[in-house]
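Residue numbers (UniProt numbering): 1 to 166.
Glycine included, each C-beta is placed from N, C-alpha and C at the ideal position.
Small disclaimer: the values here were computed from a predicted structure and weren't measured.
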(Lines of atoms letter the chains of each structure in order from A and count residues from 1; the text may use other names and numbers.)
(Lines give C-alpha, C1' and ligand atoms only; values in the text may rest on other atoms or scores of the structure.)
Protein backbone atom coordinates (compact mmCIF):
# COMPACT_ATOMS: atom_id res chain seq x y z
CA UNK A 1 0.00 0.00 0.00
CA UNK A 2 1.49 3.30 -1.12
CA UNK A 3 0.58 6.61 0.46
CA UNK A 4 0.21 9.84 -1.35
CA UNK A 5 2.74 12.50 -0.51
CA UNK A 6 1.60 14.67 2.38
CA UNK A 7 -0.83 12.11 3.82
CA UNK A 8 0.20 10.84 7.25
CA UNK A 9 0.55 7.10 7.63
CA UNK A 10 -1.40 5.15 10.22
CA UNK A 11 1.83 4.86 12.21
CA UNK A 12 2.24 8.65 12.18
CA UNK A 13 -1.36 8.98 13.33
CA UNK A 14 -0.69 6.56 16.14
CA UNK A 15 -3.28 4.02 15.03
CA UNK A 16 -0.92 1.22 14.08
CA UNK A 17 0.64 0.49 17.42
CA UNK A 18 -1.11 -1.32 20.22
CA UNK A 19 1.77 -0.47 22.54
CA UNK A 20 1.01 3.27 22.56
CA UNK A 21 -0.79 4.51 25.66
CA UNK A 22 -4.52 5.06 25.33
CA UNK A 23 -4.53 7.81 27.97
CA UNK A 24 -2.37 10.87 28.58
CA UNK A 25 0.10 10.01 31.35
CA UNK A 26 -0.23 13.36 33.16
CA UNK A 27 -3.99 13.99 33.12
CA UNK A 28 -5.25 10.45 32.55
CA UNK A 29 -7.64 11.65 29.85
CA UNK A 30 -8.34 9.35 26.91
CA UNK A 31 -6.19 10.29 23.93
CA UNK A 32 -9.04 9.96 21.43
CA UNK A 33 -10.88 12.76 23.33
CA UNK A 34 -7.76 14.92 23.84
CA UNK A 35 -6.67 15.19 20.21
CA UNK A 36 -9.95 16.74 19.04
CA UNK A 37 -9.79 19.12 22.03
CA UNK A 38 -6.27 20.17 21.07
CA UNK A 39 -7.36 20.68 17.47
CA UNK A 40 -10.27 22.83 18.66
CA UNK A 41 -8.00 24.91 20.91
CA UNK A 42 -5.54 25.41 18.06
CA UNK A 43 -8.42 26.49 15.80
CA UNK A 44 -9.70 28.83 18.52
CA UNK A 45 -6.24 30.48 18.86
CA UNK A 46 -5.50 30.46 15.14
CA UNK A 47 -5.52 34.27 15.00
CA UNK A 48 -2.99 34.47 17.82
CA UNK A 49 -0.83 31.81 16.18
CA UNK A 50 -0.99 33.77 12.91
CA UNK A 51 0.12 36.89 14.81
CA UNK A 52 3.04 34.97 16.32
CA UNK A 53 4.02 33.67 12.87
CA UNK A 54 3.84 37.23 11.51
CA UNK A 55 6.05 38.48 14.34
CA UNK A 56 8.51 35.63 13.78
CA UNK A 57 8.59 36.38 10.06
CA UNK A 58 9.18 40.04 10.84
CA UNK A 59 12.23 39.37 12.99
CA UNK A 60 15.49 40.54 11.55
CA UNK A 61 16.78 37.21 10.40
CA UNK A 62 19.56 39.04 8.59
CA UNK A 63 21.06 40.01 11.93
CA UNK A 64 20.95 36.41 13.13
CA UNK A 65 22.31 35.20 9.80
CA UNK A 66 25.08 37.78 10.01
CA UNK A 67 25.94 36.64 13.54
CA UNK A 68 25.96 33.01 12.42
CA UNK A 69 28.14 33.90 9.43
CA UNK A 70 30.51 35.83 11.71
CA UNK A 71 30.67 32.81 14.02
CA UNK A 72 31.43 30.56 11.05
CA UNK A 73 34.12 32.97 9.84
CA UNK A 74 35.53 33.13 13.37
CA UNK A 75 35.51 29.35 13.61
CA UNK A 76 37.30 29.10 10.26
CA UNK A 77 39.88 31.63 11.46
CA UNK A 78 40.38 29.66 14.67
CA UNK A 79 40.70 26.41 12.71
CA UNK A 80 43.22 28.09 10.39
CA UNK A 81 45.20 29.35 13.38
CA UNK A 82 45.07 25.88 14.95
CA UNK A 83 46.44 24.38 11.72
CA UNK A 84 49.15 27.04 11.69
CA UNK A 85 49.97 26.25 15.32
CA UNK A 86 50.09 22.52 14.49
CA UNK A 87 52.55 23.29 11.69
CA UNK A 88 54.64 25.51 13.97
CA UNK A 89 54.53 22.85 16.69
CA UNK A 90 55.63 20.19 14.22
CA UNK A 91 58.47 22.42 13.01
CA UNK A 92 59.43 23.14 16.63
CA UNK A 93 59.47 19.42 17.41
CA UNK A 94 61.72 18.82 14.39
CA UNK A 95 64.00 21.64 15.56
CA UNK A 96 64.09 20.19 19.09
CA UNK A 97 64.94 16.77 17.64
CA UNK A 98 67.76 18.39 15.65
CA UNK A 99 68.97 20.15 18.81
CA UNK A 100 68.90 16.83 20.68
CA UNK A 101 70.95 15.21 17.92
CA UNK A 102 73.37 18.14 17.94
CA UNK A 103 73.57 17.94 21.73
CA UNK A 104 74.36 14.23 21.54
CA UNK A 105 77.00 14.87 18.87
CA UNK A 106 78.41 17.72 20.98
CA UNK A 107 78.52 15.37 23.98
CA UNK A 108 80.49 12.87 21.90
CA UNK A 109 82.89 15.63 20.78
CA UNK A 110 83.31 16.82 24.38
CA UNK A 111 83.96 13.25 25.53
CA UNK A 112 86.59 12.96 22.80
CA UNK A 113 88.11 16.27 23.93
CA UNK A 114 88.15 15.03 27.53
CA UNK A 115 89.93 11.87 26.42
CA UNK A 116 92.49 13.90 24.45
CA UNK A 117 92.95 16.29 27.39
CA UNK A 118 93.60 13.32 29.68
CA UNK A 119 96.22 12.03 27.23
CA UNK A 120 97.80 15.50 26.95
CA UNK A 121 97.73 15.87 30.73
CA UNK A 122 99.45 12.48 31.13
CA UNK A 123 102.03 13.47 28.49
CA UNK A 124 102.51 16.84 30.22
CA UNK A 125 103.04 15.04 33.54
CA UNK A 126 105.58 12.70 31.89
CA UNK A 127 107.40 15.63 30.26
CA UNK A 128 107.54 17.56 33.56
CA UNK A 129 108.91 14.45 35.29
CA UNK A 130 111.48 14.01 32.48
CA UNK A 131 112.47 17.69 32.81
CA UNK A 132 112.83 17.34 36.60
CA UNK A 133 114.93 14.21 36.08
CA UNK A 134 117.00 16.05 33.44
CA UNK A 135 117.61 18.96 35.83
CA UNK A 136 118.47 16.51 38.62
CA UNK A 137 120.99 14.74 36.32
CA UNK A 138 122.36 18.12 35.21
CA UNK A 139 122.80 19.19 38.83
CA UNK A 140 124.45 15.83 39.62
CA UNK A 141 126.71 16.24 36.55
CA UNK A 142 127.56 19.81 37.56
CA UNK A 143 128.37 18.59 41.08
CA UNK A 144 130.46 15.77 39.62
CA UNK A 145 132.30 18.24 37.38
CA UNK A 146 132.81 20.60 40.31
CA UNK A 147 134.02 17.73 42.49
CA UNK A 148 136.37 16.49 39.73
CA UNK A 149 137.59 20.04 39.08
CA UNK A 150 138.31 20.45 42.76
CA UNK A 151 140.14 17.11 42.90
CA UNK A 152 142.08 17.93 39.73
CA UNK A 153 143.04 21.28 41.20
CA UNK A 154 144.12 19.57 44.42
CA UNK A 155 146.06 16.94 42.49
CA UNK A 156 147.68 19.66 40.38
CA UNK A 157 148.66 21.50 43.55
CA UNK A 158 150.14 18.33 45.06
CA UNK A 159 151.99 17.52 41.88
CA UNK A 160 153.35 21.02 41.82
CA UNK A 161 154.46 20.64 45.43
CA UNK A 162 156.11 17.33 44.69
CA UNK A 163 157.88 18.65 41.64
CA UNK A 164 158.87 21.84 43.42
CA UNK A 165 156.89 24.29 41.39
CA UNK A 166 155.45 27.24 43.15
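Looking at the DSSP output, residue 30 shares a beta bridge with 23. For residue 49, the enclosing alpha helix (DSSP H) covers residues 46-58.
Annotated as distal: residue 35 and residue 22, with beta-carbon spacing of 8 Å or more. Look at residue 74 here: in three-state DSSP terms it is helix.
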